[in-house]
Every structure is written in structure tokens, then in C-alpha cells.
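Since the structure comes first, as C-alpha cells, the remarks are kept for the end.
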Amino acid sequence: MKRKVRIKKVPLAIFGLFLVALLSFALKMDREMKAEDPYTPPVMKKINDTIPVINENNYIMTPYRDQSVTIGKSYYDYKGEDEQQQNSLILYDNTYYQNTGIDYIGENVFDVLAVMDGTVIQVKDEENMGKEIKIEHKNGLITIYQSLSEIDVKKDDMVKQGQVIGKSGTNELDKDLGNHLHFEIYENGKNVNPEKYLNKEYKKEN
Numbered sequence: 014m015k016r017k018v019r020i021k022k023v024p025l026a027i028f029g030l031f032l033v034a035l036l037s038f039a040l041k042m043d044r045e046m047k048a049e050d051p052y053t054p055p056v057m058k059k060i061n062d063t064i065p066v067i068n069e070n071n072y073i074m075t076p077y078r079d080q081s082v083t084i085g086k087s088y089y090d091y092k093g094e095d096e097q098q099q100n101s102l103i104l105y106d107n108t109y110y111q112n113t114g115i116d117y118i119g120e121n122v123f124d125v126l127a128v129m130d131g132t133v134i135q136v137k138d139e140e141n142m143g144k145e146i147k148i149e150h151k152n153g154l155i156t157i158y159q160s161l162s163e164i165d166v167k168k169d170d171m172v173k174q175g176q177v178i179g180k181s182g183t184n185e186l187d188k189d190l191g192n193h194l195h196f197e198i199y200e201n202g203k204n205v206n207p208e209k210y211l212n213k214e215y216k217k218e219n
């Protein structure tokens, strides 16, 4: 004969105390784990991916891209050293002239480029200086390209920076340089040293 096993009923109050104790223990363990390894939510940072760029409207590039082109004769600087000044003189018809620009030389004929956006205000061909282009730019500068063998623009043309406007050549005044480009910059009507402006951003002074 099987014996019946009587299961005693657990009072409701004791069961409730047991649940409270279990919950308290779980909360305590959770707090201890957070104290040992605190979790910090990731901070969202606003990333400014704007990269400063040069104002292309005022950047002055060189009037050529051919890497073999070099300076044959520099601008005559009144404040320069004696040797530099002597190397910047032009001898023509037994007379010395101060170079008013830079003469770029190349073994082969090279493309001549507009150094900035602008408007062609003059195209001419002179006996001593050869073919010439004069460009006016929005920032007030004027650039001149002389000793050209070819001209690819005409008066009143709008040109873009880097656009081919002609090709290098020779002239009577600087014929000892051979194939070259004579390049000048004028600021406020005054002839200036191009080397101080090329490959830089031009900031017009008020």
C-alpha cells in the first residue's frame, strides 16, 4: 500500500519575503558590476569635414605646365643684390634695359597658359617684343605674355585659369634667350615682381 506524501503549504507572507530578498540580491549584484566596469555611452561628436581651400578666383598659377621650363632671366629688383641685378639686365642695341618681368625658357616650344580667369584686353604683334597678349583680371591685376610664336585668343575673349592662350617663341629684344616666354604682372598700374605672386593666393590690399 502506497503512502501519501503530504506537502505542507508555505505561508504567503514567507514566500513574499523570499521574493523581496531575491530581488534585493539581484539589484545589489547589478550595482556592484556597474561600479567595477562602468559603461559610458558613446559621445556623438560633430565632425567638421570642411577643408580650407584656396580661393581659386585669386590663386595665381604659373603661365606654363611643362616641367622642363626654367627661368632664363629674372625680374630686375631695385632692392636686390648686385649680382641678381646684373643677371636681370637686357642688352639690346648696345643699351642695357632692366627686365620688367620673368623670362621662362624651354628647349622646345611650350604652351602658354592664363594664370587666372580674366578678359583679353589687347592682342598685338610688335617688332621687338613679338606677339603679345594682355589680360585683365577681376582682382585688378593685369598680366602680359610676350615673345609668343602663336596666339590662340582674341580681344574681348573670356579666358579661364590654365587655358592655353598661345605658345612660346622668340623676339628681337631677347633673342639670346632663344625659345621663351616673357611674362609680366601689373598691380594698380605698377609693374611688380611676378615671383612674389605666382603659386600664391592674391589678397588685394584696400
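Going by this note's numbering, the first residue of the sequence shown is number 14, and it counts up by one from there. Think of the CB as a built atom: it goes at the ideal place given N, C-alpha and C, for glycine as much as any other residue. Predicted, not measured: the structure shown is a model, and the values here were computed from it.
Spatially closest choice to residue i from the options, by CA coordinates
{"i": "Glu200", "options": "Lys151, Ser162, Val172, Thr75", "result": "Lys151"}
{"i": "Val172", "options": "Tyr89, Thr156, Val133, Pro207", "result": "Val133"}
{"i": "Glu185", "options": "Thr113, His193, Ile178", "result": "His193"}
{"i": "Val177", "options": "Val128, Gly93, Glu197", "result": "Val128"}
{"i": "Thr83", "options": "Val166, Lys217, Lys216, Leu190", "result": "Leu190"}
{"i": "Lys167", "options": "Glu140, Gly179, Thr156, Gln174", "result": "Gly179"}
{"i": "Met142", "options": "Gln159, Asp130, Gly131, Leu154", "result": "Gln159"}
{"i": "Asp124", "options": "Pro207, Asp165, Tyr72", "result": "Asp165"}
{"i": "Asn204", "options": "His195, Lys188, Asn71, Ile155", "result": "Ile155"}
{"i": "Lys188", "options": "Glu140, Asp170, Asn71", "result": "Glu140"}
{"i": "Gln174", "options": "Asn212, Glu96, Gly93, Asp95", "result": "Asn212"}
Per-residue burial, residue i [other beta carbons within 10 Å of its own, 16 or more giving buried]
{"i": "Lys209", "result": "exposed"}
{"i": "Leu102", "result": "exposed"}
{"i": "Tyr109", "result": "exposed"}
{"i": "Lys217", "result": "exposed"}
{"i": "Gly182", "result": "buried"}
Backbone CA spacing between residue i and residue j [nearest angstrom]
{"i": "Tyr105", "j": "Tyr117", "result": "18 Å"}
{"i": "Ile67", "j": "Glu214", "result": "The predicted position of Ile67 is uncertain, since its pLDDT is 47 and thus under 50; a value taken from the coordinates is nonetheless stated next. If I take the Cα positions, the gap works out to 7 Å."}
{"i": "Ala148", "j": "Leu126", "result": "One point to set straight first is that residue 148 is Ile, not Ala, in the sequence displayed. Rounded to whole angstroms, Ile148 to Leu126 spans 11 Å at the Cα level."}
{"i": "Asp138", "j": "Glu145", "result": "6 Å"}
{"i": "Asn61", "j": "Asp90", "result": "For Asn61, the pLDDT reaches just 48, beneath the cut-off of 50, and the residue's location in the model is therefore unreliable, leaving the point undetermined."}
{"i": "Gly119", "j": "Gln80", "result": "9 Å"}
{"i": "His195", "j": "Asp169", "result": "22 Å"}
{"i": "Gln98", "j": "Ile157", "result": "22 Å"}
{"i": "Ile73", "j": "Gly202", "result": "18 Å"}
{"i": "Gly93", "j": "Pro207", "result": "14 Å"}
{"i": "Asp95", "j": "Gly153", "result": "32 Å"}
CB-CB length for residue i against residue j, believed under 8 Å
{"i": "Lys86", "j": "Asn100", "result": "7 Å"}
{"i": "Tyr88", "j": "Asn112", "result": "6 Å"}
{"i": "Ser162", "j": "Val136", "result": "Not really, about 14 Å apart at Cβ, beyond 8 Å."}
{"i": "Glu197", "j": "Gly131", "result": "Contact flag wrong, Cβ pair sits at about 14 Å."}
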